[in-house]
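Asker: Sharing a structure with you now.
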Amino acid sequence: MDERRDPQAPAGRRPPPPVAAAASRLSPPQEAWQRYVDHTLNVCDTCRGVDGPPCQQAEDLYAAWREVADAAMDRVWHT
Numbered sequence: 048m049d050e051r052r053d054p055q056a057p058a059g060r061r062p063p064p065p066v067a068a069a070a071s072r073l074s075p076p077q078e079a080w081q082r083y084v085d086h087t088l089n090v091c092d093t094c095r096g097v098d099g100p101p102c103q104q105a106e107d108l109y110a111a112w113r114e115v116a117d118a119a120m121d122r123v124w125h126t
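Written out as structure tokens, the structure is:
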């Protein structure tokens, strides 16, 4: 059965702007997590491997994320 498809956008039409402004920043825990995820998914061949453990840099990035996230939770909890 054919499914209805939306019509194609006219040629030369620009895509909509991203939701977040380019000047906006992530919170420190989000930035730390992004560094970890970017390393493990995009940068490091060792981390992308299915069979082996992550590399030491990934372990360090994960530990840094935990430290930043724990500090943020402590600030929230104690305010």
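In this text, residue positions in the sequence shown follow this note's numbering: the first is 48, and each later residue adds one.
Cβ atoms here follow ideal geometry from the backbone N, Cα and C, with glycine treated the same way.
Would you call W124 buried or exposed, if buried means 16 or more other Cβ atoms sit within 10 Å of its Cβ?
Answerer: W124 comes out exposed.
Asker: Would you call the stretch 87 to 99 and the stretch 111 to 119 in contact, with 3 or more CB pairs under 8 Å?
Answerer: Cβ pair count under 8 Å is below three, so no.
Asker: Identify the continuous alpha helix (DSSP H) that holds C94 and give its terminal residues.
Answerer: Residues 92 to 95.
Asker: Quick check on the DSSP output: the alpha helix (DSSP H) that includes D107 runs from which residue to which?
Answerer: Taken as a continuous stretch (DSSP letters only), the alpha helix (DSSP H) holding D107 covers 103 to 124.
Asker: Helix, strand or coil for P100? Go by DSSP, reduced to three states.
Answerer: It is coil, neither helix nor strand.
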